[in-house]
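S.K.: Quick one: structure below, then a few questions.
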Amino acid sequence: MRYSVFSLVSQALRGHQGWQPAWRNPEPKREYSVLIIGGGGHGLATAHYLASRYGITDVAVLEKGYLGSGNIGRNTTIIRSNYLLPGNTPFYELSMQLWEGLEKDLNYNAMVSQRGVLNLYHSDAQRDAYARRGNAMRLAGVDSELLDREGVRQMHPYFDYDNARFPIQGGLLQRRGGTARHDAVAWGYARAADQRGVDLIQHCEVTGITVENGRVTGVETTRGPIRAAKVAMVVAGSSSQVAAMAGLRLPIESHVLQAFVSEGLKPLIDGVVTFGAGHFYISQSDKGGLVFGGDIDGYNSYAQRGNLPVIEDVMEAGMGLWPGLGRIRMLRHWGGVMDMSMDGSPIIDTTPVEGLYLNAGWCYGGFKATPASGLCLAHLIATGAPHPVAAAYRLDRFATGHLIDEKGAGAQPNLH
Amino acid sequence: MLISCPHCGARDSQEFAYLGAADLQRPDGLEASLAAMTDYVYLRENPAGRLRELWYHRGGCGRWLVVTRDTRNHRIEAVEPARPKGTEAGA
Ligand SMILES: Cc1cc2nc3c(=O)[nH]c(=O)nc-3n(C[C@H](O)[C@H](O)[C@H](O)COP(=O)(O)OP(=O)(O)OC[C@H]3O[C@@H](n4cnc5c(N)ncnc54)[C@H](O)[C@@H]3O)c2cc1C
Ligand SMILES: [Zn+2]
């Protein structure tokens, strides 16, 4: 069923009794051309682009839980393309352009909202660094504006402009950045892929990867073995675990990132703002809750929950930026387990096992990457060559020294 | 999370800085192959379960510790000095 104003009106007249499930729930076949392990945003996007752009529809997505139960449904929904390094900027800009056309492409309301992303700076050195990043973005054709203090004050008069320790000097603004409804992104990709014949297999955990003579031949799952000549690992947070099934070790540690939401409020803050003197970022959801977060917990974790020190740290940074927040009650907090890579950048590549592909290392910034990540992995699987904007995301860059380290933090995942 | 420092007693994890896996063996710099060095610097076991890892007690005794912890639930099995007794500088 195509969603449109006509389908909405006709359903409304029939008391909304006629809506169909958004996707089938098929039994797995014994064999597919392509298997995608992981039904998060990136896995579902890969399936959609394989089917829609490359005509490959004999595809199954294998998800151990339900679709969207991982980080795609846990993130703080920020989308932006304000990166510095040449390996990153064109990739994230392609992603931004795909976001801009996503709802038409999927026939699904992903609530993409280009409300702007503003990074605040608090010192001369930070201003210079932001100016450099803004200029790098412009050179790559991405929008950016450097605001001074008054420019920020006009947008957000309620911040603490008298803070002597962390004075707000201005900010780097990307107006095309913003937010999207995270689970709607998963559901939209799932529905679009399903409509083109992709099988979405839920509650199907991959427990082994079968390799014969250096070639992948399929996977073992909790719902039986499934054969395929091409298998893609797209399991954010569990990448080391799944890659180990094929005997691979990755340049990745799993860390937990927390997020927070307040009670519902009337419209209070327009756009996404990041505090530059500590790690804190905030926006407001369409339901009215303030959505915010900060640093990762800082040590390896597969527990999908975080600890108190980071909660305190996030609240302190929030109060440093916006003392009015102290009047607001926090409603919920949660954590998600993410792949922190050794240079803070992702991997979309083949592996030493023929036919086995890797999409991993998205750190805390993989939501915005969802469309381009899916498209570039689909391109690699379908054509055998990396997509031009993802050519730097190689697995062997750690051996060759072609790291993409935006922060210059070195091989220490908890610092990225 | 509390970490029981053998020198200072049970302390809030905030007093400590985290480095990562404790048992990486640095190959001999001059002799090492590129592959061995890449392995050492970048590749990690990243287990879901028991991990021996290095923590530095920056807000306390200033010593490096090896903490054996379950990464699925943060249960700590053992905390030992990173250098065995008697081999510390000045000992
Ligand atoms: C709190 C938090 C806030 C974040 N905020 C932002 C943000 O504002 N902006 C941004 O760009 N990014 C953000 N991120 C990062 C972003 O959410 C992730 O990088 C991205 O969602 C990862 O890709 P994914 O959607 O495919 O992952 P997931 O949704 O985690 O998908 C991976 C799937 O693989 C499945 N899986 C794992 N192992 C197996 C197996 N053996 N067999 C079968 N299936 C398996 C999992 O169940 C899971 O569903 C945030 C992350 C967190 C945790
Ligand atoms: Zn101590």
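Going down the list, the protein sequences come from chains A and B.
Going by our numbering, the final residue of the first sequence carries number 814, and the count climbs one at a time with no gaps.
Going by our numbering, the final residue of the second sequence carries number 242, and the count climbs one at a time with no gaps.
Every residue gets a Cβ at the ideal spot worked out from N, C-alpha and C, and that includes glycine.
Computed from a predicted model, the values in this text were never measured in an experiment.
1) Residue range of the alpha helix (DSSP H) that serine 402 of chain A falls in?
2) What does DSSP give as the partner residue(s) for lysine 462 of chain A in the beta ladder?
3) Flag asparagine 698 of chain A as yes if its beta-carbon sits less than 8 Å from any beta-carbon of chain B, otherwise no.
4) Less than 6 Å between C-beta atoms, sequence neighbours within five positions excluded: which residues of the same chain meet that for threonine 672 of chain A?
5) Name the two residues that bound the continuous alpha helix (DSSP H) containing lysine 664 of chain A.
6) Between glycine 575 of chain A and valine 654 of chain A, how many whole angstroms is the CB-CB distance? I'm expecting something under 8 Å.
7) Quick one: what's got a C-beta closer than 6 Å to valine 659 of chain A's C-beta in the same chain, skipping five residues either side?
8) Are the beta-carbon atoms of glycine 808 of chain A and tyrosine 169 of chain B separated by less than 8 Å?
9) Quick one: is the Cβ of serine 467 of chain A within less than 7 Å of any heavy atom of ligand 1?
10) Using only CA atoms, which one of A/Gly595, A/Gln593, A/Val403 and A/Ala767 lies nearest to methionine 492 of chain A?
11) Chain E beta carbons: is any one of them nearer than 8 Å to that of histidine 208 of chain B?
12) Starting from glutamine 572 of chain A and walking both ways along the beta strand (DSSP E), at which residues does that stretch end?
13) What in chain A is Cβ-close to arginine 265 of chain B, meaning under 7 Å?
14) I want to verify the contact list: residues of chain A whose CB lies under 9 Å from the CB of threonine 222 of chain B, in sequence order.
15) Residues of the stretch 616-647 of chain A with a CB closer than 7 Å to any CB of chain B: list them in chain order, please.
16) Do arginine 195 of chain B and alanine 229 of chain B count as a contact pair if the criterion is CB distance below 8 Å?
17) Applying the 10 Å Cβ sphere with the 16-neighbour rule, what's the burial state of tyrosine 464 of chain A?
18) Roughly how many angstroms lie between the CA atoms of alanine 634 of chain A and aspartate 747 of chain A, to the nearest whole one?
19) Just verifying my parser: in three-state terms, what is the DSSP assignment at glutamate 231 of chain B?
20) At a cut of 8 Å, does the stretch 611-619 of chain A reach the stretch 466-476 of chain A through at least three beta carbon pairs?
21) Nearest to arginine 531 of chain A by CA position, among A/Ile454, A/Ile694, A/Met494 and A/Asn486, is which residue?
22) Check whether the Cβ atoms of aspartate 741 of chain A and leucine 801 of chain A lie closer than 8 Å to each other.
23) Assuming glutamine 495 of chain A is part of the alpha helix (DSSP H), what are its boundary residues?
24) Measure the CB-CB distance between alanine 584 of chain A and glycine 471 of chain A and report whether it falls below 8 Å.
25) Can you round the beta-carbon distance between alanine 458 of chain A and tyrosine 430 of chain A to whole angstroms, since I take them to be within the 8 Å contact cut?
26) Taking 8 Å as the CB-CB limit, is glutamate 196 of chain B close to chain A?
27) Mind pulling the chain A residues with CB within less than 8 Å of glutamine 165 of chain B?
28) For the beta strand (DSSP E) that leucine 545 of chain A lies in, which residues bound it at each end?
29) Can you name the start and end residues of the alpha helix (DSSP H) that glutamine 639 of chain A belongs to?
30) In the stretch 523-607 of chain A, which residue ranges form an unbroken alpha helix (DSSP H) of at least 4 residues, counting only runs that do not cross its ends?
31) Going by DSSP, what residue range makes up the alpha helix (DSSP H) through arginine 451 of chain A?
32) Identify the continuous alpha helix (DSSP H) that holds valine 689 of chain A and give its terminal residues.
33) Checking contacts by CB at 8 Å: is methionine 740 of chain A closer than that to chain B?
34) Relative to the C-alpha of aspartate 522 of chain A, which residue among A/Pro565, A/Asn507 and A/Tyr481 is closest?
35) Rounded to the nearest angstrom, how far is the Cβ of tyrosine 651 of chain A from that of asparagine 197 of chain B, given a contact under 8 Å?
36) Mind listing, in chain order, the continuous alpha helix (DSSP H) runs of no fewer than 4 residues lying wholly within the stretch 153-216 of chain B?
M.R.: The short version:
1) Position 4 of the first sequence, counted from the start, is the residue given in the question as residue 402 of chain A. Neither: serine 402 of chain A is in no alpha helix (DSSP H) and is coded neither H nor E.
2) Indexing the first sequence from 1 puts residue 462 of chain A at position 64. Partner(s): none; lysine 462 of chain A has no beta bridge.
3) The residue labelled residue 698 of chain A in the question sits at position 300 within the first sequence. For asparagine 698 of chain A, the nearest CB of chain B lies under 8 Å from its own CB, placing it at the interface with that chain.
4) The residue labelled residue 672 of chain A in the question sits at position 274 within the first sequence. The residues are Asn517 and Tyr679.
5) Looking up residue 664 of chain A in the first sequence gives position 266. Neither: lysine 664 of chain A is in no alpha helix (DSSP H) and is coded neither H nor E.
6) Position 177 of the first sequence, counted from the first residue, corresponds to residue 575 of chain A. Position 256 of the first sequence, counted from the first residue, corresponds to residue 654 of chain A. So it is not a contact: roughly 25 Å between Cβ atoms.
7) Along the first sequence, read from residue 1 onward, the residue named residue 659 of chain A stands at position 261. Sequence-distant partners of valine 659 of chain A (beyond 5 residues in either direction) whose C-beta falls short of 6 Å from its own C-beta, in its chain, are Gly687, Val689, Leu729 and Arg730.
8) Translated into positions along the first sequence, residue 808 of chain A becomes position 410. Translated into positions along the second sequence, residue 169 of chain B becomes position 18. No Cβ-Cβ contact shorter than 8 Å links glycine 808 of chain A with tyrosine 169 of chain B.
9) On the first sequence, position 69 is the one that residue 467 of chain A refers to. Remark: the C-beta of serine 467 of chain A is in contact range of ligand 1, defined as less than 7 Å to any heavy atom.
10) Translated into the one-based positions of the first sequence, residue 492 of chain A becomes position 94. Before going further, note that residue 492 of chain A is leucine rather than methionine in the sequence given. Comparing alpha-carbon positions, the option among A/Gly595, A/Gln593, A/Val403 and A/Ala767 lying closest to leucine 492 of chain A turns out to be A/Ala767.
11) Of the protein chains in the structure, A and B, none is chain E.
12) As a working note, residue 572 of chain A is residue 174 in the first sequence. That run of the beta strand (DSSP E) goes 568-572.
13) This structure does not reach residue 265 of chain B, given that chain B is present from 152 up to 242, and the question cannot be answered.
14) Your numbering for residue 222 of chain B matches position 71 in the second sequence. Correct list: Ser652, Tyr697, Asn698, Ser699, Tyr700 and Ala701.
15) So the list reads Ser638, Gln639 and Arg647, given in the order they occur along the chain.
16) Taking the first residue of the second sequence as 1, we reach residue 229 of chain B at position 78. Taking the first residue of the second sequence as 1, we reach residue 195 of chain B at position 44. Between alanine 229 of chain B and arginine 195 of chain B, the gap from beta carbon to beta carbon reaches 8 Å or more.
17) In the first sequence, the residue the question calls residue 464 of chain A occupies position 66. Result: exposed.
18) One-based indexing of the first sequence puts residue 634 of chain A at position 236. One-based indexing of the first sequence puts residue 747 of chain A at position 349. Straight-line spacing of the CA atoms in alanine 634 of chain A and aspartate 747 of chain A works out to 15 Å.
19) As a working note, residue 231 of chain B is residue 80 in the second sequence. Glutamate 231 of chain B falls in the strand class under three-state DSSP.
20) Contact between the stretch 611-619 of chain A and the stretch 466-476 of chain A is absent, because fewer than three Cβ pairs lie under 8 Å.
21) One-based indexing of the first sequence puts residue 531 of chain A at position 133. Ranking A/Ile454, A/Ile694, A/Met494 and A/Asn486 by CA distance to the CA of arginine 531 of chain A puts A/Asn486 first.
22) Within the first sequence, residue 741 of chain A is the residue found at index 343, counting from 1. Within the first sequence, residue 801 of chain A is the residue found at index 403, counting from 1. Yes, the pair counts as a contact, with Cβ atoms nearer than the cut-off.
23) The count along the first sequence starts at 1 and reaches residue 495 of chain A at position 97. Start and end: 487-498.
24) Reading the first sequence from its first residue, position 186 is the one you call residue 584 of chain A. Reading the first sequence from its first residue, position 73 is the one you call residue 471 of chain A. Cβ distance < 8 Å, so alanine 584 of chain A and glycine 471 of chain A count as in contact.
25) Here residue 458 of chain A refers to the residue found at position 60 of the first sequence. Here residue 430 of chain A refers to the residue found at position 32 of the first sequence. Contact between alanine 458 of chain A and tyrosine 430 of chain A is confirmed by a C-beta separation of about 5 Å, below the 8 Å threshold.
26) In the second sequence, counting from the first residue as 1, residue 196 of chain B sits at position 45. For glutamate 196 of chain B, the answer is yes, since a Cβ of chain A falls inside 8 Å of its Cβ.
27) As a first step, residue 165 of chain B is located in the second sequence; it is residue number 14 there, counting from the start. Result: Pro707.
28) Position 147 of the first sequence, counted from the start, is the residue given in the question as residue 545 of chain A. Residues 543-546.
29) For the purposes of this step, residue 639 of chain A is taken as residue 241 along the first sequence, with counting starting at 1. Residue range 637-642 is occupied by the alpha helix (DSSP H) that includes glutamine 639 of chain A.
30) Here the runs fully enclosed are 547-553 and 580-593.
31) The residue given as residue 451 of chain A occupies position 53 in the first sequence. From DSSP, the alpha helix (DSSP H) with arginine 451 of chain A extends over 439-452.
32) Here residue 689 of chain A corresponds to residue number 291 of the first sequence, with the count starting at 1. In the DSSP annotation of this structure, valine 689 of chain A is not part of any alpha helix (DSSP H); the continuous beta strand (DSSP E) holding it starts and ends at 687-698.
33) For this step, residue 740 of chain A is matched to residue 342 along the first sequence. So, interface residue.
34) On the first sequence, residue 522 of chain A is found 124 positions in, with the first residue counted as 1. Of the listed residues, the one whose Cα sits closest to aspartate 522 of chain A is A/Pro565.
35) For the purposes of this step, residue 651 of chain A is identified with residue 253 of the first sequence, where counting begins at 1. For the purposes of this step, residue 197 of chain B is identified with residue 46 of the second sequence, where counting begins at 1. The sequence as given places glutamate at residue 651 of chain A; tyrosine does not occur at that position. Under the criterion of beta carbons closer than 8 Å, glutamate 651 of chain A and asparagine 197 of chain B qualify as touching, at roughly 5 Å.
36) Entirely contained in the stretch 153-216 of chain B, the alpha helix (DSSP H) runs reaching 4 residues are, in chain order, 185-193.
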